[in-house]
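When you read off a place in the sequence shown, starting at 1, and then add 122, the result is the number in the working numbering. The C-beta atom is built at its ideal place from N, Cα and C for all residues, glycine as well. This report refers to the structure that appears directly beneath it.
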Amino acid sequence: MSIGITADHVELASTLRKWGASLGAADQVRAAEGDATARFEETWAAIGDMGLIGIAIPEEHGGGGGSVLDVAVALEACAHEMLPGPLLATSVAACVLRDVPEVATALSSGEMSVGVGLLPSLRVVGQCLGGRVDVVWDAPSVTHLLVGAEDRWFVVPTSSVEVTAATGPDLSRRFGTVTLTEVPLADVVEVAHLSATLVRRTAVTLAAAEASGISRWCLRTAVEHAGVREQFGAKIGSFQAVKQLCAGMLETSEAVTAVAWDAASVAFGDDGQWSFAADVAGTIAFDGAVRVAQDCIQVLGGIGFTFEHDAHLHLRRAASLRALFGGADGFATALAAAAGDGVRRSVRLDFAGKDAAVRERLRPRLDELAGLDARSQRRALVDSGLFMPHWPAPYGLAAAPLEQLVIDQELAAAGVTRADIKIGAWAVPTILAHGTDAQRERFVRPTLMGELVWCQLFSEPGAGSDLASLRTRAVRVDGGWRLTGQKVWTSLAQDAHWAICLARTNPDVPQHQGITYFLVDMTADGIDVRPLREMTGDALFNEVFLEDVFVPDDLVVGEVDNGWRLARTTLSNERVAMAGSKLDLSVERAIGLAADLGGPQRARVGQAVAMSTVCTLLGLRTTFRSLAGQGPGAESSVAKLLTVRNRQDASELVVDLLGDRVVLGGELAEDAVHEMLLTRCLSIAGGTTQILRNVAAERILGLPR
């Protein structure tokens, strides 16, 4: 996957990666190793021919009139192929100077390339510009420089300055120190309304796109190697340790891509939102790219440590990007401050007018709903199909993703809230998809009306993550089946009227094949529900013992012995929704404590804010994929893994921030400790984190079993 979600962006990224791969960029980088003033003319000429610099420049100045997101998609693809030269800095300049006609025209025509100095350390004395900028991106290899003096910014010909060239860790770029000695202002172009903040924020946004390209190359390279390299008589990708490492790379890469996409999507829009998104990107992207590059080398082993392999080139570029912005703590500290001031990332959907007809159809109906009492309102929602619009008619509207999102927005605007049917939201879709007409008639509407509460009898003491090894058995009897076994970790069992239950009906076939899906009356003889008290002191889960429980044939869903396929329907969810802007509970608590903290602790809070935002962004990217008519990407699987980590880490952070006060109790301390203990279950429930990473490594990355 890449930054791009739309068909156009996916195609652009694919085209540029193929084109970039044909340039032999890594060979050019190695050939120029000792040349501090290398210009990488061959690659730069190819970049000019492709029109990459002009992507964001208005058409009237000879450019493509594209967005910053278009630029980010291109930069990600070029970084994936390690294209050398001043592409990043010149792209930054093109974005901030696109409204300066003489500069924009020269950039789009290929006559100008621009290096950037982020710190405005020059001075204006009379009618001359002078001073020194210690670090200027691409100074030895460009025609012009974008440099600042306090609150004034200038485009300066490189021929007017002294450049001390340097070869840093990134062998694909050249940096330098620039000295100006009384350069007349008449010889430079002053750029009105440009600030150091805008230049830096643009640089962070586009550098994050490069970080995504680096991460993607490293992940792909590691996975390809793990799929063919053999040790101890097996491909190393089949080793659990390697699977876990590659799945961790996937998590980090998805996070880096999500923040790069978000920062570019909001660039030059709402200032507060872009600032927040860029700080999230700075907190996540550069450390993430370094970590993925390091892990790539770990998977490659000795070959990855050689100069001949390209892996170190990506690590070098990732480390250089991180160094150029001073590390993650500065971004995280700023993020904590913004969050403390109430800023949250709020993404708006642009339906391009396709929502108008849906809204027009909905609003009269919603006006009627808003005036009803709660019971009547719920009945009207169920009758209209608006309660679960993604379900098929007559219980829903078979709503496509766009219609689902519009319905959510209109219901919220009307103040209409839909009740949570909890496990029913998992049980009923299976009945709809695989049940009989009689089952649908009996169970669907009462569930929607809140008359039936469900629980799920899946997990067992010996079958948690490995659900297919369940031992609850179902024996055929006259008119139905007798179920005997033990289920565990069953929420709502004390209150449920009905349960969805998996039981083994054929022990003589492979374990995935001999399982049947039953609907069990929780008031039936032979059912014993025993609450389990958890470490929090609560008893939310239960053990459920089934002793010769009779289930009639008409409560078997689907075909006998085919329940595993149905279980996968239960565990999937076709609902499309927009995530809100509120952060995780513990993150919000940490923000509340941050005002009284020192710098390092505030940075920790900012890290938590960033990771919580990442989890939201992953959900948003899944939603945008649905709107674009694409199948789900890796985001949905990664979102669960990162959300678990975020909630656990954030809950521990709050307890840590409270310090020794936590032992004195009180409402805040007790709530914080309760949340810390409660979140321990998240990496176990629904499949342990380690097993889910194995599944991600096999099903998403394609590593061998």
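Rounded to whole angstroms, S613 and L662 show a C-alpha spacing of 6 Å. Check the Cα spacing between G426 and each of A386, Q499, A344, Q362: the tightest is with A344. Assigned with DSSP and collapsed to three states, G146 falls in coil, not helix or strand. Among the bridge pairs identified by DSSP, L524 is matched with none. A460 places its beta carbon 8 Å or farther from that of F361. Straight through space, the alpha carbons of E376 and V682 are spaced by roughly 40 Å. L592 places its beta carbon 8 Å or farther from that of V538. With a cut-off of 8 Å on Cβ pairs, the region 317-329 is in contact with the region 403-417, counting three or more such pairs. With a cut-off of 8 Å on Cβ pairs, the region 754-770 is in contact with the region 798-816, counting three or more such pairs.
Nearest C-alpha to M204 among H436, A382, T319: H436. Beta-bridge annotation (DSSP): I637 is paired with R626, N684. If you look at C803, you'll find it isn't in any beta strand (DSSP E); DSSP assigns it neither H nor E.
By the Cβ-count criterion, L605 is buried, with 16 or more other Cβ atoms from all chains shown falling within 10 Å of its own Cβ.
Residue pairing for F297: DSSP places it in a beta bridge opposite W259, A288. Contact check between the region 816-825 and the region 617-636: fewer than three CB pairs, one atom from each, fall below 8 Å, which does not count as touching. DSSP places T735 in the uninterrupted alpha helix (DSSP H) bounded by 721-749. Residue pairing by DSSP puts E312 in a beta bridge opposite F276. DSSP places V246 inside the beta strand (DSSP E), whose first and last residues are 245-247. With a contact defined as Cβ atoms closer than 8 Å, W383 and I125 qualify at about 5 Å. The C-beta of L786 has fewer than 16 other C-beta atoms within 10 Å across all chains shown, which makes the residue exposed. Between H202 and V236, the beta carbon gap of about 23 Å keeps them out of contact (Cβ cut-off 8 Å).
For A555, the closest alpha carbon among the candidates A541, L589, L579, A515 is that of A515. The alpha-carbon separation between G370 and I813 amounts to approximately 12 Å. E198 has its alpha-carbon roughly 35 Å from the corresponding atom of H512.
Under the 8 Å Cβ criterion, the region 288-302 does not count as touching the region 184-199, having fewer than three qualifying pairs. In the DSSP annotation of this structure, the continuous segment of the beta strand (DSSP E) that includes P653 starts and ends at 649-654. By the neighbour-count criterion, in which 16 or more other beta carbons inside 10 Å mark a residue as buried, R598 falls on the exposed side.
In the three-state reduction of the DSSP assignment, V402 falls in the helix class, which pools H, G and I. Residues of the same chain with a CB within less than 7 Å of the CB of H619, apart from the 5 flanking positions on each side, are L574, V575, M644 in chain order.
Cβ neighbours of L494 within its own chain (closer than 7 Å, five residues either side excluded): A502.
Short of 7 Å from the beta carbon of L749, and not among the five residues preceding or following it, lie these beta carbons of its own chain, in chain order: P523, L524. The alpha-carbon of A228 is positioned some 24 Å away from that of A287. In the three-state scheme derived from DSSP, where H, G and I count as helix and E and B as strand, D643 is classed as strand.
Contact between the region 305-313 and the region 413-432 is not established, with fewer than three Cβ pairs separated by less than 8 Å. With contact defined as three or more Cβ pairs closer than 8 Å, the region 472-486 and the region 437-449 are not in contact. Counting only residues of its own chain and dropping the five nearest sequence neighbours on each side, G176 has a CB closer than 6 Å to the CB of G185, G186, S230.
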